[in-house]
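Reading through the structure tokens given below for one structure.
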Amino acid sequence: MDDIKRPQQQPRPDVLTPQPLQAQPAPNQPLQQPQPLDTPAAVIGQTPQEQKQHSSMNHKMNKQTNKPKRKKGPIIAIILAIIVTAGLIGAAAYVYMQSRSNTDAPVATDTSQVADDQTADGQLEVDDIDATISEIDTQLGTINDSTDFGANDLSDSNIGL
Amino acid sequence: MNKRLKVLIAAVLLPLGVLIPFLSLESHYSTQTSAQSTDSALEQRKEQYRAKLQADISKAQQDRLKLRCSVVQANVKNLAGRLGEIQTKRTTAYDAILGELNALLTLLDTQGVDTTNLKTDVTSLSDKVTTYKTQMTAYKQAVDDMTVIDCSQDPVSFQAALSVARSEHDALVTTTGDIRTYITNTIKPALQTMRTQIETGQITGGTQ
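Sequence lines, in order, name chains Y and V.
The numbering of the first sequence is my numbering, which starts it at 1 and goes up by one.
The numbering of the second sequence is my numbering, which starts it at 1 and goes up by one.
So this is what it looks like as structure tokens:
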């Protein structure tokens, strides 16, 4: 066992032994909040290239922040629909009123026809009498005395007695 | 379970436990009472039919009726079904005629035409139609009763109802014939006369 001599192990230079992390003391000074880049003071201090970069960045951010505003779309659509519907209703009412006034007008102006009718009362009465006679004949035609009340309806033979 | 929920369920279910038996009993007894009233009305009519019966029914007639009861009632049921349609159709026709005549009378009155005679005729027709309605109702009632009266148990009442039905039938034949004749021979000529008078200027609307 002793003839084998192992070389003395020496610590490798490249292997690092773990060192316990030393808690670094907190900085005494409070962390400074980053200054907004678009304040007038900051813009003045910027080079033109930085200003361009910032403005393009601001533009992109504005685009992103504007996205939620698209929720107003349905509201606008609803308002538009209401306006269109109200317009259609108004148009329909206008057309109706126009047509009504057109139909009313001849009745109002057709006094000569009414006068003619009044002078032709006799003819109207004759026509009414004719219509009444015709209606009586029609109604009498719908009933049949002989079949409705047959002579043998209740005879012994008819009812099976 | 929540105490409030239990109280709520109890408040709903307890009244139901009282209401359901009450309503079921009420419906049961109301059916019974309506059936009893129907029965009593039928009994009253049977008495009336028997009272109108002029001749006694012989034992042989009763036996014959008992023997053929089911066949007779089947035939009577057919007739009763047909009578309902006849009653509706005829009443509608008569009412339409009267309505038309009354409308014409109103129109002629507004035109100042003298309608005294026509009014009298229309009133007479209206009375005849009223008579028809009464007779038709009595006839149909008697026939309907014949479908209900158990002729195998009570042949006398059945025969009495049959007798009344025959009597009302004969009266109806007379009345309906009379109505048709009256319309044809009185109402229509009166209308024609009035038409001619208006046409020839003997009666002028709006001047009288």
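Don't be surprised by glycine CBs; every beta carbon is placed ideally from N, CA and C.
Contact set between residue i and chain V, taken where Cβ atoms lie within less than 9 Å
i       : result
N158(Y) : N75 and L79
T85(Y)  : Those do not exist, as T85(Y) stays about 45 Å from chain V at its closest Cβ, beyond 9 Å.
Whole-angstrom distance between residue j and residue i, CA atom to CA atom
i       : j       : result
Q48(V)  : A160(V) : 9 Å
Q141(V) : T115(V) : 39 Å
L83(V)  : A91(Y)  : 58 Å
V173(V) : M194(V) : 31 Å
S40(V)  : E100(V) : 42 Å
D156(Y) : T88(V)  : 26 Å
Q44(V)  : F158(V) : 13 Å
D110(Y) : L140(Y) : Here D110(Y) scores only 42 on pLDDT, less than 50, and its place in the model should not be relied on; the value that follows carries that caveat. Roughly 39 Å between the two C-alpha positions.
D121(V) : P189(V) : 11 Å
T175(V) : K128(V) : 7 Å
A102(V) : P155(V) : The sequence as given places Asn at residue 102(V); Ala does not occur at that position. The alpha-carbon atoms of N102(V) and P155(V) are separated by roughly 47 Å.
T118(V) : S146(Y) : Per the sequence presented here, residue 118(V) reads as Leu, with Thr not at that position. Looking at the two C-alpha atoms, the distance is approximately 29 Å.
P48(Y)  : S56(Y)  : 12 Å
I136(Y) : T38(V)  : 40 Å
N158(Y) : R166(V) : 13 Å
T119(Y) : L125(V) : In this prediction, T119(Y) scores a pLDDT of 41, lower than 50, which makes its location untrustworthy; the coordinate-derived value is nonetheless stated afterwards. About 33 Å.
I129(Y) : S70(V)  : 53 Å
T142(Y) : V113(V) : 31 Å
Chain Y residues whose Cβ lies nearer than 8 Å to that of residue i
i       : result
K59(V)  : Ordered by position in chain Y, no residue passes the 8 Å Cβ test against K59(V), which lies about 15 Å from the chain.
A96(V)  : E135 and Q139
A93(V)  : Q139, L140, T142 and I143
R90(V)  : I143 and D148
V156(V) : Near V156(V) there are no residues of chain Y at all, since even the closest Cβ is about 14 Å away, more than 8 Å.
K52(V)  : Near K52(V) there are no residues of chain Y at all, since even the closest Cβ is about 15 Å away, more than 8 Å.
Beta-carbon neighbours of residue i, restricted to chain Y and to distances below 7 Å
i       : result
G177(V) : D145
R231(V) : As displayed, chain V neither begins before 1 nor continues past 208, which places residue 231(V) out of reach and without an answer.
V173(V) : F149
Proximal chain V residues relative to residue i, where beta-carbon distance stays under 8 Å
i      : result
I79(Y) : Here the premise fails: no neighbours, minimum Cβ distance about 45 Å.
Given residue i as reference, the closest of the options once Cα atoms are compared
i       : options                              : result
M136(V) : V148(V), T120(V) and E168(V)         : E168(V)
I133(Y) : I97(V), D178(V), V143(V) and T134(V) : I97(V)
D145(V) : S163(V), I86(V) and L107(V)          : S163(V)
V72(V)  : T134(V), T123(V) and V143(V)         : V143(V)
T130(V) : I149(V), L108(V), V148(V) and R90(V) : R90(V)
Partners in chain V for residue i, counting only beta-carbon separations shorter than 7 Å
i       : result
L154(Y) : L162, A165, R166 and H169
I129(Y) : L104, L191, M194 and R195
Residue i CB to nearest heavy atom of the ligand MG below 8 Å
i       : result
Q202(V) : As far as ligands go, the structure on display features none, and thus does not contain the ligand MG.
Residue i: contacting residues in chain Y (beta-carbon distance under 9 Å)
i      : result
K46(V) : Here the premise fails: no neighbours, minimum Cβ distance about 18 Å.
Closer than 7 Å, Cβ to any Cβ of chain Y: which residues of the region 119-143 of chain V, in chain order? none
Taking a cut of 7 Å between CB atoms, which residues from the region 102-119 of chain V lie near chain Y? L104, L107, L108, Q111 and V113
To test your reading of the DSSP string, which unbroken alpha helix (DSSP H) runs of 4 or more residues are found completely within the region 29-79 of chain V? 59-67
Contained alpha helix (DSSP H) runs [length at least 4] in the region 102-171 of chain V, N- to C-terminal order: 116-148
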